[in-house]
Every structure is written in C-alpha cells, then in structure tokens.
Amino acid sequence: MSATAFNSIFFNRAHSSNKDLIKQQNVKSRIKCSIKSGIETSQKNVRVGVLGASGYTGSEILRLLANHPHFGVALMTADRKAGQTISSVFPHLGTQNLPDLIAIKDADFSDVDAVFCCLPHGTTQEIIKGLPKHLKIVDLSADFRLRDVSEYEEWYGQPHRAPDLQKEAIYGLTEVLREEIKNARLVANPGCYPTSIQLPLVPLIKTNLIQTSNIIVDAKSGVSGAGRSAKENLLFTEVTEGMNSYGVTRHRHAPEIEQGLADAAGSKVTISFTPHLIPMSRGMQSTIYVEMAPGVKTEDLYHQLKLLYQDEEFVVLLENGVIPRTHSVKGSNYCLINVFPDRIPGRAIIISVIDNVVKGASGQALQNLNLIMGFPENLGLNYLPLFP
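Heads up: the sequence shown begins at 1 in full-length UniProt numbering, then just goes up one per residue.
Written out as structure tokens, the structure is:
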C-alpha cells in the first residue's frame, strides 16, 4: 500500500471517529440537559403552582410534571420550609430546574394558570377562597369532596368555611366523571381508598349486577397514605413487621365512597369498610366482597368491567385468574382489577390495586388538570410501574 493511500484511509477513519465522538458528546449533552430540567421550561406554556409542595403528594406532582410537555412549575409553597430549595427537602428532585419554596402569603398568582392544592383538610378552604378567580384548581384535600356541608362537618369535626365553593366543586373520579371535569374550575380530587373502591364498583352498581345492601371492603394501604408529618404510630419500629387496622368504626373516606356508590345506584348505599396500614411505603389493595343480583354470575361482572374499561388507559382488567398485586402498579397511574368467584354461592370477590400516591392522589390530580386545560389526560403520566 502506498503512503498516500495509507494516509487517506487513516485520515478518513480518524475523521469518522471524531464525528462519532462529537455525536456521542452531543447525545450526552442532550441527556444531561434532559436529566437536569426534564422538558425545557421554555417549551411549557401553562404555568402551574403547587401549594404544599413539601408533602408526599406535592413532591409526587413535581416528579410527574418533570416530563409534562405543557405544564411548567411557576411557584411552590411550603410555609415551614419557605426559603429552602427543593433539593434540600427532596433530594430526588434536585436535578430539576425549580423555584425555591416560598410562604403562601408571598405567592403571586397573577402569572399562574392553575394550582394543585396539596394542603391538609381544613386549611384548604380558606386558601382557595382567597385565590384569584382565573385559576383552575385541583384540590387534593378532603374539603370539597362531600357535597353535603353538614356531612363534612360531622365527619371532619369542623365547620366548613366555603360552602359556595363546595357547590361549585366537581368530584374528580376521572374515568367516571370525565365530561364534568372538563368544564370545571375547581376539582375535588378523590381520596385513595375511594378511588380504588369506586372504580370497580360504580359500573357494576350502575348496571344492577350487584346488590348494594351487603358490600364489604377490606382495604390496605402503604404508610405514605398517612402523610409526611412525624407521628409516633408511623415510626419505623411501630410499623415494620406488622399490620394494624385503623378507623375501624368511622373512617372519613366512608361517606365519600358511599356518596359515589349512591350516585351510581340512585339510592342510599352503606358499606362495611375497614382500612389497614401495612409496612410498605406506597401501594393500596382493596378486596371487595359483593353479593350478585339474582341470576348474575362472576363472568357477567368480569365482562361488564371489561366492556367499560377496555378503552381506558389507566384502568386495566387483568386476564382471568390473574391476581392484582401492588408491586404491579408502583410508581404508576394504573388501577388493576380482577373478579373472582367466592366459595359462597351468589357472591364474588373483586380485587383492586393502585399506587396510593399516584392514581390515589397526584397522578389522578394531573389527569384531571390535563382534562381541564384541554390536553390528553395521559400527558406526564406515561410511567410504567417500577418492578421489582
């Protein structure tokens, strides 16, 4: 081979290698940029506020918003953490280009389009009353879920200070009330237990396939469902290697569940509902025992749920015989459901699982705001479950 030919081959290979190296560096740069800020803020044309960003639901909304193509975080409030960066409170969010936390009294909503309100019940009423009327609001507290103000006051033990807003609020069980949610200004995001219980039961009650007089629900939740504040009964040594019931005779989600089931039935519905706390960070399973209407078989329940949810992205009826597991929804907005025959003739067992922080709270909240703002409801929610 001549020196000229050799030099030509060497130059071409080196040039090609340099091009590949530059291409790799550009890819790495883009990946690094993507990791740093999710989708660039400049591309996001809807400015969103997160009130109560230092709790679990607030932090989960921020995680989901990182890859939303249209929603950008304009402000975040956390009164006790005001002045801190999000990375000092939630290191897992430290790669995101987010504003510092501020006190809610210092928040300027003039350039904000919508807010997620992740504050405790009772606090939320006064806050939302004072918000500008142009804002679209998804409230994750219980303050606007019950239509009857007196029922709220009975179950939550305090006066309701915003009854006019109570009348305006739309209950946000997305797959059931989608059309109403689209036109709402204020959406009352459902609780986690009510979501996991109503999604399988509402279609069966509406079609008169099950009796409403003898519904029994045995539900279990991960510890994150109890919130982030320090409580003795939530210490590691109190929770690990054990399970306990709570709210046995009077859990605040009971009237919310019964309200939704009564809407489906057209008459009053009362259920037996016992929640349990189990030693895992997130996840929820509701095991529901129902009496079928005369002549109805388990297969009829299965086919009705399949018919209703076959085109839904986030509610999935599993194949016959497959048992829903909380591991199969962790970190995702999915609700997995299946139906099984009971050994007692005429009865069926329905199992429903969700991630209580996502579909049971922040994921459904984002689904609802997508609807309100006229976007496809799955934006920012296309996360496969984490497994194992």
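Positions of the beta carbon are idealized from the N, C-alpha and C atoms, including for glycine.
For clarity, every value in this text was computed on a predicted model and none was experimentally measured.
The criterion of a C-beta distance shorter than 9 angstroms is satisfied by L64 and V358. By the neighbour-count criterion, in which 16 or more other beta carbons inside 10 Å mark a residue as buried, R145 falls on the buried side. A check of alpha carbon separations from P294 across L209, L261, A169 and G247 identifies L209 as the nearest. Per DSSP, reduced to three states, the secondary structure at V149 is helical. Counted as a single uninterrupted DSSP element, the beta strand (DSSP E) harbouring E291 occupies residues M284 to E291. In the structure shown, the three-state DSSP call for T270 is coil. For C192, the uninterrupted alpha helix (DSSP H) segment begins and ends at C192 to K206. In this structure N378 is exposed. Its beta-carbon is surrounded by fewer than 16 other beta-carbon atoms within 10 angstroms.
Three or more pairs of CB atoms, one per stretch, sit closer than 8 angstroms, so the stretch 184–200 contacts the stretch 356–376. DSSP places D355 outside both helix and strand once states are collapsed to three, so it counts as coil. For I86, same chain residues with a beta-carbon under 6 angstroms away, outside a window of 5 residues either side, are L93 and L98 in chain order. When the five nearest sequence neighbours on each side are left out, the beta carbons in the same chain lying within less than 6 angstroms of the beta carbon of I102 are those of T77 and A82, in order along the chain. Going by beta carbons, C118 and G52 fall inside the 9 angstroms limit. Judged by DSSP in its simplified three-state form, I216 adopts strand. Counting other Cβ atoms within 10 Å of its Cβ, M243 stays below 16 and is therefore classed as exposed. For P163, the uninterrupted alpha helix (DSSP H) run begins and ends at P163 to E168, by DSSP. For I278, there is no enclosing beta strand (DSSP E), as DSSP marks it with neither H nor E. Here DSSP, grouped into helix, strand and coil, assigns D143 to coil. Per the C-alpha coordinates, the member of Q259, G331, E319 and V50 positioned closest to N356 is G331. Taking a contact to require three or more Cβ pairs closer than 8 angstroms, the stretch 237–257 and the stretch 267–277 qualify as touching. Around L386, the same chain offers K330 and G331 as residues with beta carbons nearer than 6 angstroms, after the five sequence neighbours per side are excluded.
Annotated three-state conformation of V316 is strand, per DSSP. Taking C-alpha positions only, E258 is separated from K268 by approximately 8 angstroms.
C-alpha of A348 to C-alpha of E238: approximately 34 angstroms in a straight line.
Looking at Y302, G49, P91 and M280, the one whose alpha-carbon comes closest to that of L235 is M280.
The beta-carbon separation of I197 and S352, rounded to 7 angstroms, stays under the 8 angstroms limit for a contact. In the three-state DSSP reduction, R178 falls in the helix class (H, G or I).
P120 and S141 have their alpha carbons spaced roughly 6 angstroms apart. No Cβ-Cβ contact shorter than 9 angstroms links Y289 with I205. Residue pairing from DSSP leaves L98 without any beta-bridge partner. For S224, the three-state secondary structure derived from DSSP is helix. Taking F116 as the centre and dropping the five residues before and after it, the same chain places the C-beta of V50, I61, V138 and A365 closer than 6 angstroms to its C-beta, in chain order.
Under DSSP, the beta-bridge partners assigned to P341 are A348. Separation of the CB atoms of C335 and I354 is rounded to 5 angstroms, and the pair is thereby assigned contact status at 8 angstroms.
Taking a C-beta distance under 9 angstroms as the contact criterion, Y171 and G122 do not qualify as a contact pair.
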